[in-house]
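Chemist: Chains as they are written, first to last, in the working numbering: chain A, 4 to 274; chain B, -11 to 281. Got a structure for you, written out below as structure tokens; questions coming shortly.
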Ligand SMILES: Nc1nc2c(ncn2[C@@H]2O[C@H](COP(=O)(O)OP(=O)(O)OP(=O)(O)O)[C@@H](O)[C@H]2O)c(=O)[nH]1
Ligand SMILES: Nc1nc2c(ncn2[C@@H]2O[C@H](COP(=O)(O)OP(=O)(O)OP(=O)(O)O)[C@@H](O)[C@H]2O)c(=O)[nH]1
Ligand SMILES: [Mg+2]
Ligand SMILES: [Mg+2]
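Quick look at the structure:
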């Protein structure tokens, strides 16, 4: 009667499975499926083209805004085991290639051998590192690191922090304290980078929201993209929080880092 | 959460009003969304909804005095049934011989920390003499980390040549026997389930030392791919148990249901903090309630 065709139940189920399995979440997936139902689309190929375009409305590319010739401070934070320390090594290498003078701060004074881990990376990259004894106050390490960064005329200071669950009030207070210290040391270019694990499900949104509420997040890096999880939580995060994704971690080696690109990210959802 | 939304669905069903197929269908749709929001894998959700639909539409609920409670009970009990298992303890030999535990899983899931927790648990509850074995030769300072964990717990750490994980495991077991340890806990490097070489490595370690327990350590916040990941580890290794870490977060933990449903190996413990005592026995009832939200 209307001349158009619609997808059959089977096709819609397949599409829903693709969206959900990509960790896009039921809310956005259902919205997309409902929109799809109202269109005259008779086959899966056209449906996917439609969905790819719809998804482009949810996410955006963003520039990290880090320029040489001035002090930039990157505070790296996130929950336990997501890849913060490894990502710092990758980001350092990335900016070394661009001729940046870099300083690292071993702000994780809590976890066993966290300082040793970042130190090993700093040695591999031949980058100086500010560190104190285990159990030192992270705020004190940060304080010293910024003084040192200014004194040495560093372009980029990257601060590693201990993994912390956003549900732990005392740990989030510690983070707020670190944030306050950084702010009190001057008005240089500062970015808070949240690291999320690409294999994490819907909780990644709650993480982003919590850390953003606590200290503000300027950008996000999603790691372990090579595990073949699609990281679909990006759509919810960008739709609701409007936070740019700067980088993607694609492996355990120093060169396994890419700039976030929304088009290729969307392509991969359906590949 | 789901209890509130189910209350809404059934709130017009009071007194002699009969619960209908229509409102049960709506309730099942709500449960489906709740489970997906909780990160339960979609294929697992579909199976679950299909298996409860029959029961929900059956005599028990439609004729029940309090159909809503009956319905919620069916859902909850079905979840617990899948999650639960009769064998949740570590199956170790007697202390007059050597028992071997091996941990494996994705990068950052909490293996090294869990190795310390298990060591602490066995030391304090069974007075076992434990040797930690450092088979992660890749991650910078991984061996340093296990050494520090060992010293926190008060157990020795075997590091061997720090180069060949299979050799280290083999030598570690030899060392344990010579020095009258009764338990060896092998920490392995984080690896992707799709990394053929690394999966082959962990399989070789397992074949070399033949662990009594092969524990798959997974992050409780894992999303839809928990199924793929667990499946592959279970194919490559004869997993004897699962440990879900970081349950002290506010993740709903649907990965627990997905993993148990798909590989049907007992979830033995959950990680509940970063500390060496941050491990506890897995209680299906509690986790079922949490997944439903
Ligand atoms: N496959 C893969 N592994 C990664 C990636 N990024 C980090 N890892 C691995 O994830 C594990 C954890 O990385 P870390 O850098 O220690 O993570 P973290 O967030 O600093 O951990 P905590 O400080 O303990 O909270 C390590 O085994 C890394 O090699 C990635 O993009 N892909
Ligand atoms: N809050 C919390 N943190 C945990 C738990 N288990 C582990 N962690 C933390 O998670 C992070 C990663 O733990 P690791 O033990 O290094 O993980 P791993 O699996 O050995 O990592 P790789 O060797 O790189 O694969 C650390 O910060 C741990 O302290 C837990 O149950 N709760
Ligand atoms: Mg770290
Ligand atoms: Mg480890």
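Ideal Cβ placement from N, Cα and C applies to all residues, glycine included.
Tell me whether residue 167(B) sits in a helix, a strand or coil according to DSSP, three-state version.
Modeler: The sequence position of residue 167(B) within the second chain is 179, counting from 1. It is coil, neither helix nor strand.
Chemist: Nearest-angstrom Cα distance between residue 123(B) and residue 136(A)?
Modeler: As a position in the second chain, residue 123(B) is number 135, starting the count at 1. As a position in the first chain, residue 136(A) is number 133, starting the count at 1. Straight-line Cα distance between these residues: approximately 27 Å.
Chemist: Could you tell me which of 14(B), 264(B), 185(B) sits nearest to residue 134(B), measuring between CA atoms?
Modeler: Walking along the second chain from the start, residue 134(B) turns up at place 146. Comparing Cα-Cα distances from residue 134(B) to each of 14(B), 264(B), 185(B), the minimum goes to 264(B).
Chemist: By how many angstroms is the C-alpha of residue 128(B) removed from the C-alpha of residue 124(A)?
Modeler: Here the question's residue 124(A) lines up with position 121 in the first chain. Here the question's residue 128(B) lines up with position 140 in the second chain. Straight-line Cα distance between these residues: approximately 7 Å.
Chemist: Confirm the yes/no value for this check: CB of residue 227(A), any heavy atom of ligand 3, distance under 7 Å.
Modeler: On the first chain, residue 227(A) is found 224 positions in, with the first residue counted as 1. No.
Chemist: In three-state DSSP terms, what is residue 61(A)?
Modeler: Position 58 of the first chain, counted from the first residue, corresponds to residue 61(A). Correct three-state label for residue 61(A): coil.
Chemist: Span of the beta strand (DSSP E) holding residue 126(B)?
Modeler: Here residue 126(B) refers to the residue found at position 138 of the second chain. That residue, residue 126(B), is in no beta strand (DSSP E); it is neither H nor E in DSSP.
Chemist: Would you check if there are 3 or more beta carbon pairs closer than 8 Å linking the stretch 41 to 56 of chain A to the stretch 161 to 178 of chain A?
Modeler: No: fewer than three Cβ pairs fall under 8 Å.
Chemist: Taking the alpha carbon of residue 209(B) as the reference point, which residue from 241(B), 216(B), 224(B) has its own alpha carbon closest?
Modeler: Position 221 of the second chain, counted from the start, is the residue given in the question as residue 209(B). Comparing Cα-Cα distances from residue 209(B) to each of 241(B), 216(B), 224(B), the minimum goes to 241(B).
Chemist: Once the 5 residues before and after residue 117(B) are set aside, which same chain residues still bring their CB inside 6 Å of it?
Modeler: Within the second chain, the letter at position 129 stands for residue 117(B). Closer than 6 Å at the Cβ level, and outside the excluded window around residue 117(B), lie 169, 170.
Chemist: Tell me which residues pass a beta-carbon proximity test against ligand 4: closer than 5 Å to any heavy atom, given in chain order.
Modeler: Residues flagged by the Cβ proximity filter: 99(B), 100(B).
Chemist: Going by the CB atoms, is the gap between residue 88(B) and residue 289(B) shorter than 8 Å?
Modeler: The structure shown does not extend to residue 289(B), since chain B is modelled only from -11 to 281, so the question has no answer here.
Chemist: Does DSSP put residue 206(B) in a helix, a strand or coil?
Modeler: Within the second chain, numbered from 1, the residue matching residue 206(B) stands at position 218. Here residue 206(B) sits in strand by DSSP.
Chemist: Using the three-state DSSP reduction, which class does residue 86(A) fall into: helix, strand or coil?
Modeler: For this step, residue 86(A) is matched to residue 83 along the first chain. If DSSP states are grouped into helix, strand and coil, residue 86(A) belongs with coil.
Chemist: Going by the DSSP bridge assignment, what does residue 192(A) pair with across the sheet?
Modeler: As a first step, residue 192(A) is located in the first chain; it is residue number 189 there, counting from the start. According to DSSP, residue 192(A) bridges with 75(A).
Chemist: Please confirm whether residue 141(B) has its beta-carbon closer than 8 Å to some beta-carbon of chain A.
Modeler: As a working note, residue 141(B) is residue 153 in the second chain. Cβ-Cβ to chain A under 8 Å: no for residue 141(B).
Chemist: Exposed or buried, which one is residue 101(B) when buried takes at least 16 other CB atoms within 10 Å?
Modeler: Within the second chain, numbered from 1, the residue matching residue 101(B) stands at position 113. Burial call: buried.
Chemist: Comparing C-alpha positions only, which one of 252(A), 203(A), 197(A), 202(A) sits nearest to residue 215(A)?
Modeler: Here residue 215(A) is taken as the residue at index 212 of the first chain, counted from 1. Closest option to residue 215(A), Cα to Cα, is 197(A).
Chemist: How is residue 259(B) classed by DSSP in three states: helix, strand or coil?
Modeler: Within the second chain, the letter at position 271 stands for residue 259(B). Strand at residue 259(B).
Chemist: Between residue 266(B) and residue 207(B), what straight-line distance do the alpha-carbon atoms span, to the nearest angstrom?
Modeler: Against the second chain, residue 266(B) aligns to sequence position 278. Against the second chain, residue 207(B) aligns to sequence position 219. Each residue's alpha carbon lies about 14 Å from the other.
Chemist: Starting from residue 91(B), trace the alpha helix (DSSP H) in both directions and tell me its first and last residue.
Modeler: Numbered from its first residue, the second chain carries residue 91(B) at position 103. Segment 87 to 92 is the beta strand (DSSP E) holding residue 91(B); no alpha helix (DSSP H) there.
Chemist: According to DSSP, simplified to helix, strand and coil, what is residue 203(A)?
Modeler: If you number the first chain from 1, residue 203(A) lands on position 200. Three-state DSSP puts residue 203(A) in a strand.
Chemist: Is any heavy atom in ligand 3 found nearer than 7 Å to the beta carbon of residue 87(A)?
Modeler: As a position in the first chain, residue 87(A) is number 84, starting the count at 1. At least one heavy atom of ligand 3 is nearer than 7 Å to the Cβ of residue 87(A), so yes.
Chemist: Using a cut-off of 8 Å between C-beta atoms, extract the partners of residue 86(A) located in chain B.
Modeler: For the purposes of this step, residue 86(A) is taken as residue 83 along the first chain, with counting starting at 1. In chain order: 95, 96.
Chemist: Under 8 Å, do residue 276(B) and residue 67(B) count as touching if we go by C-beta distance?
Modeler: The residue given as residue 276(B) occupies position 288 in the second chain. The residue given as residue 67(B) occupies position 79 in the second chain. Yes, they are a contact pair.
Chemist: Which one of 26(A), 192(A), 143(A) has the shortest CA to CA distance from residue 74(A)?
Modeler: Position 71 of the first chain holds residue 74(A). It is 192(A) whose Cα lies nearest to the Cα of residue 74(A).
Chemist: If you drop the 5 nearest sequence neighbours on each side, which residues of the same chain put their C-beta closer than 8 Å to that of residue 101(A)?
Modeler: What you label residue 101(A) is simply residue 98 of the first chain in a count that begins at 1. Here the set comprises 71.
Chemist: Under the rule that 16 or more other beta-carbon atoms within 10 Å means buried, what is residue 142(B), buried or exposed?
Modeler: Locating residue 142(B) in the second chain gives position 154, counting from the first residue. By the 10 Å Cβ count, residue 142(B) comes out exposed.
Chemist: Quick one: does residue 247(A) have its CB under 8 Å from some CB of chain B?
Modeler: In the first chain, counting from the first residue as 1, residue 247(A) sits at position 244. It does not; no Cβ of chain B falls within 8 Å.
Chemist: Taking 8 Å as the CB-CB limit, is residue 4(B) close to chain A?
Modeler: By one-based count along the second chain, residue 4(B) stands at place 16. Note on residue 4(B): pLDDT 43, under 50, position unreliable in the model; the coordinate value appears next. Output row for residue 4(B): interface = no.
Chemist: Round the Cβ separation of residue 279(B) and residue 268(B) to the nearest angstrom and send it over; I've been treating them as touching at under 8 Å.
Modeler: Within the second chain, the letter at position 291 stands for residue 279(B). Within the second chain, the letter at position 280 stands for residue 268(B). That pair is no contact at about 17 Å.
Chemist: Going by beta-carbon coordinates alone, are residue 142(A) and residue 108(A) separated by less than 8 Å?
Modeler: Start at 1 with the first residue of the first chain, and residue 142(A) comes out as number 139. Start at 1 with the first residue of the first chain, and residue 108(A) comes out as number 105. Contact flag unset, no.
Chemist: Judging by CA-CA distance, which residue of 261(A), 246(A), 247(A) is the nearest neighbour of residue 253(A)?
Modeler: In the first chain, counting from the first residue as 1, residue 253(A) sits at position 250. Checked all of 261(A), 246(A), 247(A); the closest Cα to residue 253(A) is 261(A).
Chemist: Please state the DSSP three-state secondary structure of residue 263(A).
Modeler: Here residue 263(A) refers to the residue found at position 260 when the first chain is read from its first residue. Reduced to three states, the DSSP call for residue 263(A) is coil.
Chemist: Give me the chain A residues within the contact set of residue 18(B), using Cβ-Cβ distance strictly less than 8 Å, ordered along the chain.
Modeler: Taking the first residue of the second chain as position 1, residue 18(B) is located at position 30. Under the 8 Å cutoff, chain A gives no residues; its nearest Cβ is about 11 Å from residue 18(B).
Chemist: Report the start-end ranges of each alpha helix (DSSP H) in the stretch 24 to 77 of chain B that is 4 residues or longer and not cut off at the edges.
Modeler: Runs found: 30 to 45, 47 to 50, 55 to 71.
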